[in-house]
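Chemist:
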Amino acid sequence: MALAPAHAADTAAVQPIEISARPITEFHIGRPETRFGPLEFVGGLEMTSRSRDFGALSAFRFLKAGSDFIGVADTGFWFFGTVAHNPDGRPSGIQNFRMQQMVDEAGKPFAQKWEVDAESLAVKDGIATVGFERNHRVAQYTIDPADMKAPFRQLDFLIPARELRQNRGFETIAHANPDGRLEGALVVVSEKSLDSAGNVYAAILEGPRKGVFTVKRDGGFDITDGTFLPDGDLLLLERSFSMASGVKMRLRRIHGEGIENGAVADGPVLMEADMGYQIDNMEGLDLWTRGDGALMVSLISDDNHSILQRNLYLEFILHQD
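Put into structure tokens, the structure is as follows:
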């Protein structure tokens with residue numbers, strides 16, 4: 019996957035960016051079916067912009083269910099916007115999109131990408147928790163769409179720093195369910211930082227079950243994001259890439275009872291897709307509840323600022339029956 023740096027703005031001012039969005043009506047290219055295991059495709063968007071800063075979208079979370087969102091790009095930007103929907107409930111466009119460079123404690127944009135390689139995001143009570151790789155850290159910010167400032171706190175991520183691979187760090191940060199066994203704790207999962215058994219390092223950062231665990235790595239897929247389901251299971255987005263087969267993505271459900279200090283967590287694959295489907299370098303995931311009660315899964319891709327890749331937004335219903 020080719021990498022090219024974004025053209026960073028000279029200041030950390032918020033930049034309004036116009037997004038063009040082409041609707042995606044079929045997930046399986048050239049085929050009309052909508053059901054893929056427990057997931058039902060609703061619709062999607064292929065997003066483009068003339069702005070050289072747009073792209074590299076690594077993670078996002080909804081601030082308002084299925085509508086207003088916050089996200090991070092691995093080029094060191096925040097982004098905000100709103101997903102618009104047609105009367106039939108299909109995504110129709112991206113409105114009020116804007117980006118802002120991340121800043122250091124002096125309020126200045128970072129000069130080097132490796133300092134702000136943001137890969138994961140969780141939001142709760144007006145606080146954004148961001149995971150960075152290369153310069154591995156987990157930092158917390160006050161959410162202000164008009165002016166995001168420096169972090170107010172860095173968290174202990176528990177996993178020994180020597181075990182985190184340079185470009186395989188924290189791709190998942192998620193808040194567990196507040197009324198579940200993890201009592202709302204923050205959980206982090208790395209992309210491909212492996213222990214001696216070949217499993218993926220992860221950690222529960224707080225609460226009564228605080229500690230390091232691992233997620234079983236399966237089939238050559240790497241973890242790119244995750245969020246907790248209502249029953250306490252962890253929904254993971256995973257990706258693989260090879261020159262022979264191209265990009266693949268899948269969603270895997272990790273059993274909540276396996277998320278425990280010292281344990282190896284595992285669970286079944288819910289859906290897998292290759293280049294015969296409308297996918298790309300899928301990196302971002304969030305879960306929300308639609309007005310009619312449907313449990314929705316939204317995904318975004320990271321185009322790496324490459325002309326060979328696309329920025330996609332996809333929506334699915336996750337059926338629980």
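Start counting the sequence shown at 19; every next residue gets the next number (the numbering used here). For each residue, glycine too, the CB sits at the ideal point set by N, CA and C. Values in this document were obtained by computation on a predicted structure and should not be read as measured data.
#1: What's the gap between the Cα of A26 and the Cα of Q119?
#2: Could you name the residues of the same chain whose beta carbon sits closer than 6 Å to that of V156, not counting the 5 residues immediately before and after it, in chain order?
#3: Could you spell out the range, first to last residue, of the beta strand (DSSP E) harbouring T245?
#4: F87: which of D321, K142, N153 and Y219 sits nearest, CA to CA?
#5: Looking only at its own chain, which residues have a Cβ that is under 6 Å from the Cβ of I383, when we skip the five neighbours before and after it?
#6: Could you check which residue in D304, N299, L336 and T307 has the C-alpha nearest to that of E64?
#7: By how many angstroms is the C-alpha of S67 removed from the C-alpha of E36?
#8: Counting only runs that start and end within the segment 190-273, where is the beta strand (DSSP E) found for 3 or more residues in a row?
#9: Per DSSP, P41 is paired with what?
#10: On the three-pair Cβ rule with 8 Å, is the segment 320-329 touching the segment 95-103?
#11: With DSSP run on the structure shown, which of helix, strand or coil describes E137?
#12: Nearest-angstrom Cα distance between H46 and G294?
#13: Once DSSP output is grouped into helix, strand and coil, what is the label at K142?
#14: Does the structure place the segment 259-266 close enough to the segment 274-288 that three or more beta carbon pairs sit under 8 Å?
#15: Please work out which residues of its chain come closer than 7 Å, Cβ to Cβ, to R328, disregarding the five sequence neighbours upstream and downstream, and give them in chain order.
#16: Compare the Cα-Cα distances from L204 to each of T160, A215 and A220 and report the closest residue.
#17: Taking the continuous beta strand (DSSP E) assigned at I112, which residues delimit it?
#18: For the beta strand (DSSP E) holding S316, just list the boundary residues, first then last.
#19: Could you tell me how far apart the beta carbons of S208 and L182 are, in whole angstroms, since I believe they sit closer than 8 Å?
#20: How is A24 classed by DSSP in three states: helix, strand or coil?
#21: Compare the beta carbon distance of T242 and L252 with 9 Å and say whether it is the shorter of the two.
#22: Could you tell me how far apart the beta carbons of L313 and L303 are, in whole angstroms, since I believe they sit closer than 8 Å?
Modeler: Taking the definition as stated:
#1: Below a pLDDT of 50, predicted positions are generally treated as unreliable, and A26, at 42, falls in that range; the measurement from the model is reported next regardless. Roughly 8 Å between the two C-alpha positions.
#2: Around V156: G149, L173 and F175.
#3: Counting along the chain, the beta strand (DSSP E) containing T245 begins and ends at D240 to F246.
#4: Relative to F87, the option among D321, K142, N153 and Y219 whose CA is nearest is K142.
#5: For residue 383 there is no data in the structure shown, the boundaries of the chain being 19 and 339.
#6: If we check each option's Cα against that of E64, N299 comes out closest.
#7: Those two C-alpha atoms are separated by around 6 Å.
#8: Assignment of beta strand (DSSP E) within the segment 190-273, counting only whole runs of 3 or more residues, yields 204-212, 218-222, 229-233, 240-246, 252-260 and 264-272 in chain order.
#9: Answer is L63, bridged to P41.
#10: These segments do not touch.
#11: E137: strand per DSSP, three-state reduction.
#12: When rounded, the separation of the alpha-carbon atoms in H46 and G294 is 6 Å.
#13: If DSSP states are grouped into helix, strand and coil, K142 belongs with the strands.
#14: The segment 274-288 vs the segment 259-266: no contact.
#15: Leaving aside the five residues that flank R328 on each side, the residues in its chain whose CB is nearer than 7 Å to its CB run, in chain order, E64, D298, S319 and D321.
#16: When each option's Cα is compared against that of L204, the closest is A220.
#17: Start and end: P109 to Q119.
#18: Looking at the DSSP string, the run of the beta strand (DSSP E) that includes S316 is L313 to S319.
#19: Approximately 6 Å separates the beta-carbon atoms of S208 and L182; this is inside 8 Å, confirming the contact.
#20: Bear in mind that the predicted position of A24 carries a pLDDT of just 41, short of 50, making it too unreliable to give a figure here.
#21: No, the pair does not count as a contact, with Cβ atoms beyond the cut-off.
#22: About 13 Å separates the two Cβ atoms, so there is no contact after all.
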